[in-house]
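Keeping their order, the protein sequence lines are chains A and B.
Just so we're aligned: 285 in the UniProt record's numbering is position 285 of the first sequence, and the numbers increase by one with no gaps anywhere.
Just so we're aligned: 288 in the UniProt record's numbering is position 288 of the second sequence, and the numbers increase by one with no gaps anywhere.
Ideal Cβ placement from N, Cα and C applies to all residues, glycine included.
This one's a predicted model, so the numbers in the text were calculated from it and none came from an experiment.
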Amino acid sequence: MIELDGLTKRFGTKTAVDHLTFSVRPGIITGFLGPNGAGKTTTMRMVLGLDNPTSGSVLIDGKRYDQLKDPLTYIGALLDAKAMHGGRSAYNHLLCLAQSNGIPKARVTEVLDTVGLTAVARKKAKGFSLGMGQRLGIAGALLGDPRILMFDEPVNGLDPEGIHWIRNLMKSLAAAGRTVFVSSHLMSEMALTADHLVVIGQGRLLADTSMADFIRNNSRSYVRLRSPQRERLLDVLHEAGITVVETGSGALEVDGGSAEQLGELAASHHLTLHELSPQQASLEEAFMRLTAESVEYHAHSDPHRTLEPGQAAEPHRAAEPHQAAAPESQPWGSSWQQKNRKGA
Amino acid sequence: MSTPPPPSAAPQQQPPVLAGPGAGYASPIPVRRAHLGDALASEWTKIRTVRSTMWTLGVMILLMLGIGFAAAAAVSASDAEPPSGSDLLSLGFFGVLLGSICVITLGVLTIASEYGTGMIRTTMTACSSRNRVLAAKAIVFFGLVFVLTTLMAALVAVIQSAMVDSAGSPSGSAWFKATVGVGLFVALLGLLGLAVGTLVRHSAGAITIMIGLVLLPLVLALFMFASSLHSVRQALLEYSIPSQLIVLYGNSLGGGSGPTGWEPLWIVGGATVVALGAAFFTLNQRDV
């Protein structure tokens with residue numbers, strides 16, 4: 001159980017974490033989601049007592065971090081995979097951690113086996129790949145067999161096998177009754193693993209909800225239509241008073257319509273359909289809509305573009321995270337041309 | 001904003017019992033409270049499992065042995081009259097002076113390399129008391145360097161006295177000062193490096209500061225010819241680190257008006273205590 005109460009952190013004039021209040025409960029995986037720079041890592045560092053909060057408090061099983069006498073047996077954390085001395089072997093790295101908490105030596109070989117690093121236990125950590133470093137970091141987190149586990153972006157840069165392994169590991173840890181708190185900036189990843197969701201943006205709490213509720217409230221359903229008689233189909237839909245969104249690839253999308261109704265409408269007008277499929281907008285899109293206002297580093301010149309998802313030109317399809325952030329309707333460089341024209 | 005906790009979460013709000021029931025998950029691993037001894041064991045593992053320790057201490061041993069041997073050979077081959085008993089011991093001076101640079105480097109690296117690699121975050125997560133971490137590092141480092149330097153100084157002195165004919169044998173207290181005294185002096189200097197490393201948190205920067213501190217005053221003094229600077233020059237000659245080290249051998253660079261006897265240990269010890277105090281203070285104040 002991790003309890004945050006009004007947790008705030010300022011760096012100079014910049015507020016990285018702004019009055020966060022929520023708790024992370026045992027037995028489930030809690031996803032901690034936010035765009036880059038939202039304050040996820042700073043929050044986790046405050047949980048671990050690495051950063052002193054400007055105000056507010058965070059309690060681990062009812063205690064402040066500096067009151068924990070053997071912290072590794074309470075909370076295991078993976079903040080970044082390379083937080084270790086590269087010249088030390090995997091075994092010795094874990095050994096010095098175990099010794100500092102009075103954990104029996106035998107446990108070191110045990111966790112090395114759990115994460116599958118037994119074969120390279122005597123190898124130096126600097127020769128490890130990102131995935132191996134990540135596994136070693138997780139071994140360190142598991143060392144004290146703690147009741148709380150905290151992972152910061154654990155799947156970043158891992159291959160599919162590694163991602164699969166981490167997902168299953170987190171699920172089994174939560175199933176044993178542990179508290180699992182995992183951060184990510186990928187909604188799709190969270191949708192697969194987390195039971196509960198905490199979303200922050202610019203340090204502020206945006207949502208604290210169960211995954212199921214989040215999906216129910218935020219996923220947009222629509223029907224995709226594709227037809228060789230596109231213009232006629234558009235007319236028919238307009239006549240029926242149905243709003244259509246045209247996508248770049250020639251398909252039409254109807255918000256909130258049912259596939260049956262649209263199919264019958266097309267049949268009654270003898271229109272050929274090549275595609276008639278009910279779609280769920282991705283959670284990624286819902287997440288972006290939620291955090292759009294708080295995204296700190298926009299990749300394009302006009303940050304307000306993404307604020308209004310209903311804006312006509314923006315195609316309404318299940319977008320990849322980066323696609324929607326880039327203005328697609330205008331060819332690259334058009335703004336430069338405009339500027340040149342203004343200058344001339 | 002927060003959702004009400006499910007009924008199953010209720011038992012968790014009670015004060016947790018170590019590995020007790022009702023805590024969601026109870027580990028079968030025996031748990032006991034960690035103490036300074038555990039931190040010492042951990043720091044000992046850390047210092048012996050990185051190559052920089054072997055390198056710096058290995059080079060220190062080679063320098064002390066090599067320079068001590070060469071100095072003794074040069075003196076015994078020369079036609080000058082045999083040195084007195086206390087002068088015989090000072091043959092070890094240059095080896096120790098250069099060896100102390102290695103010790104300073106190790107002292108800085110003991111903590112600054114953790115900042116460089118990011119290991120410090122893991123260390124501070126594993127031990128929630130920052131004071132305990134720094135204390136354990138200081139104790140392990142000081143103990144290791146003191147024992148090694150004292151043994152090496154004694155070994156070199158024995159070799160030199162066997163090689164060189166001297167006019168008399170040094171007194172017991174001179175021996176003690178040239179071995180245990182020198183060992184303490186060098187270990188304190190290394191500890192000062194560890195404190196500076198904690199304050200600066202950057203290996204190269206802290207090593208540069210420390211080497212400047214050891215060598216620069218004497219170099220500056222060599223170029224202060226103006227008579228108006230005479231008192232400054234005299235102070236630099238008497239209180240620079242090499243001058244203080246040679247006092248422990250019963251000699252003096254500044255003409256004998258500076259520190260005498262065991263005083264250099266008090267001076268360096270005082271500086272180290274101040275620097276360590278600042279290191280403990282800032283370590284607790286700053287974010288890792």
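Query - Euclidean distance between Cα positions of ASP152/A and LEU130/A - result: Position 152 of the first sequence, counted from the start, is the residue given in the question as residue 152/A. Position 130 of the first sequence, counted from the start, is the residue given in the question as residue 130/A. Cα to Cα, ASP152/A sits roughly 14 Å from LEU130/A.
Report task. Determine the burial state of LEU216/B: buried for a count of at least 16 other Cβ atoms within 10 Å of its Cβ, exposed for fewer. Result -> Counting from 1 along the second sequence, the entry for residue 216/B is found at position 216. With fewer than 16 Cβ atoms within 10 Å of its Cβ, LEU216/B is classed as exposed.
**Report entry** For ILE29/B, three-class secondary structure by DSSP
**Finding:** The residue you call residue 29/B lines up with position 29 of the second sequence. In this structure, ILE29/B counts as coil in the three-state DSSP scheme.
Query raised in the report: Residues of chain B with a CB under 7 Å from the CB of ALA77/A: which are they?
Result: Counting from 1 along the first sequence, the entry for residue 77/A is found at position 77. Those are THR125, listed as they occur along chain B.
Query raised in the report: Exposed or buried, what is GLN67/A when buried is set at 16 or more other beta-carbons lying within 10 Å of its beta-carbon?
Result: Counted from its first residue, the first sequence places residue 67/A at position 67. So GLN67/A counts as exposed.
Report task. Give the residues of chain A in contact with ILE29/B, contact being defined as C-beta atoms less than 8 Å apart. Result -> As a working note, residue 29/B is residue 29 in the second sequence. Under the 8 Å cutoff, chain A gives THR73, ILE103, PRO104, ARG107, GLY144, ASP145.
Report task. Answer yes or no: do GLY76/A and LEU169/A have a C-beta to C-beta separation smaller than 8 Å? Result -> The count along the first sequence starts at 1 and reaches residue 76/A at position 76. The count along the first sequence starts at 1 and reaches residue 169/A at position 169. No. Outside cutoff.
Query raised in the report: Rounded to the nearest angstrom, how far is the Cβ of LEU109/B from that of SER52/B, given a contact under 8 Å?
Result: Taking the second sequence and counting its residues from 1, one reaches residue 109/B at position 109. Taking the second sequence and counting its residues from 1, one reaches residue 52/B at position 52. Yes, they are in contact, since the Cβ atoms of LEU109/B and SER52/B sit about 5 Å apart, within 8 Å.
Query raised in the report: Which residues does DSSP pair with residue 355/A in a beta bridge?
Result: In the structure displayed, chain A extends from 1 to 344; residue 355/A sits before or after that span and is not available.
Query - Same chain, Cβ closer than 6 Å to VAL186/B, five either side skipped, listed in chain order - result: As a working note, residue 186/B is residue 186 in the second sequence. Closer than 6 Å at Cβ, skipping near neighbours: SER100, VAL103, THR149.
Query raised in the report: What in chain A is Cβ-close to ARG201/B, meaning under 7 Å?
Result: Walking along the second sequence from the start, residue 201/B turns up at place 201. Simply none; closest approach about 14 Å.
Query raised in the report: Expressed to the nearest angstrom, what Euclidean distance is found between the alpha-carbon atoms of ALA271/B and LEU188/B?
Result: Here the question's residue 271/B lines up with position 271 in the second sequence. Here the question's residue 188/B lines up with position 188 in the second sequence. Roughly 9 Å separates the two Cα atoms.
**Report entry** Cβ of VAL50/B within 8 Å of any chain A Cβ
**Finding:** Residue 50/B sits at position 50 when you count from the first residue of the second sequence. Yes, contact with chain A.
Requested in this report: Quick one: grab the DSSP three-state call for LYS137/B.
Outcome: As a first step, residue 137/B is located in the second sequence; it is residue number 137 there, counting from the start. In this structure, LYS137/B counts as helix in the three-state DSSP scheme.
Requested in this report: Tell me, please, whether the stretch 115–122 of chain A touches the stretch 95–102 of chain A by the rule of three or more beta-carbon pairs shorter than 8 Å.
Outcome: no
Query raised in the report: Using Cβ-Cβ distances below 8 Å, what residues of the stretch 173–185 of chain A are close to chain B?
Result: ALA176, GLY177, ARG178, THR179
Query raised in the report: Using the rule of at least 16 other Cβ atoms within 10 Å of the residue's Cβ for burial, across every protein chain shown, is residue 301/B buried or exposed?
Result: Outside the displayed span of chain B (1 to 288) sits residue 301/B, for which this structure offers no information.
**Report entry** Simplified DSSP state of GLY6/A, which is helix, strand or coil
**Finding:** Here residue 6/A refers to the residue found at position 6 of the first sequence. Strand at GLY6/A.
Query - Pick from MET64/B, TRP55/B, THR105/B that is closest to GLY205/B, judged by C-alpha positions - result: To locate residue 205/B, count along the second sequence from 1; it is residue 205. Considering only alpha carbons, the answer is THR105/B.
Query raised in the report: For ALA153/B, which three-state DSSP category applies?
Result: To locate residue 153/B, count along the second sequence from 1; it is residue 153. Residue state, collapsed to three classes: helix.
Requested in this report: Select from GLU264/A, ALA175/A, SER294/A, LEU59/A the residue whose C-alpha is nearest the C-alpha of ILE2/A.
Outcome: Reading the first sequence from its first residue, position 2 is the one you call residue 2/A. It is LEU59/A whose Cα lies nearest to the Cα of ILE2/A.
Report task. May I ask you to report which of helix, strand or coil DSSP gives ASP152/A? Result -> Residue 152/A sits at position 152 when you count from the first residue of the first sequence. Here ASP152/A sits in strand by DSSP.
Query - Simplified DSSP state of VAL111/A, which is helix, strand or coil - result: As a first step, residue 111/A is located in the first sequence; it is residue number 111 there, counting from the start. Here VAL111/A sits in helix by DSSP.
Query - Interface residues of the stretch 26–45 of chain A facing chain B [CB-CB below 7 Å] - result: PRO26, GLY27
Report task. Throw me the rounded Cβ distance for the LEU48/A and THR125/B pair, which I believe falls under 8 Å. Result -> In the first sequence, the residue the question calls residue 48/A occupies position 48. In the second sequence, the residue the question calls residue 125/B occupies position 125. Yes, they are in contact, since the Cβ atoms of LEU48/A and THR125/B sit about 5 Å apart, within 8 Å.
Query raised in the report: For SER203/B, does the three-state DSSP call read helix, strand or coil?
Result: Position 203 of the second sequence, counted from the first residue, corresponds to residue 203/B. SER203/B falls in the helix class under three-state DSSP.
Query raised in the report: Listing by chain order, which chain B residues have their CB less than 7 Å from the CB of LEU48/A?
Result: The residue labelled residue 48/A in the question sits at position 48 within the first sequence. Near LEU48/A (Cβ distances below 7 Å), the residues of chain B are THR125.
Report task. Give, in chain order, every residue of the stretch 145–179 of chain B whose Cβ lies closer than 9 Å to some Cβ of chain A. Result -> none
Query raised in the report: Where ASP18/A and LEU276/B are concerned, what is the direct C-alpha to C-alpha distance, given to the nearest angstrom?
Result: Numbered from 1 along the first sequence, position 18 holds the residue referred to as residue 18/A. Numbered from 1 along the second sequence, position 276 holds the residue referred to as residue 276/B. Approximately 35 Å, taken between the alpha carbons.
Query raised in the report: Grouping DSSP H, G and I as helix and E and B as strand, with all else coil, what is GLN279/A?
Result: As a first step, residue 279/A must be located in the first sequence, where it is residue number 279. It is a strand residue.
Query raised in the report: Under 8 Å between the Cβ atoms of GLY168/B and SER84/B?
Result: Mapped onto the second sequence, residue 168/B falls at position 168. Mapped onto the second sequence, residue 84/B falls at position 84. Yes. Within cutoff.
Report task. Let me know if TRP175/B comes out buried or exposed under the rule of 16 or more other beta-carbons within 10 Å of its beta-carbon. Result -> Position 175 of the second sequence holds residue 175/B. Classification for TRP175/B: buried.
Query raised in the report: What does LYS46/B reach in chain A if we use C-beta pairs closer than 7 Å?
Result: Numbered from its first residue, the second sequence carries residue 46/B at position 46. Residues of chain A passing the Cβ test: CYS96.
Requested in this report: Rounded to whole angstroms, what's the CA-CA distance from ASP80/A to GLN134/A? Just pull it up for me.
Outcome: By 1-based counting over the first sequence, the position of residue 80/A is 80. By 1-based counting over the first sequence, the position of residue 134/A is 134. Those two C-alpha atoms are separated by around 8 Å.
Query raised in the report: Three-state secondary structure (DSSP) at VAL24/A?
Result: The sequence position of residue 24/A within the first sequence is 24, counting from 1. In the displayed model, VAL24/A falls within a strand according to three-state DSSP.
Query - Contact with chain A by GLY118/B, beta-carbon distance below 8 Å - result: Position 118 of the second sequence, counted from the start, is the residue given in the question as residue 118/B. Output row for GLY118/B: interface = yes.
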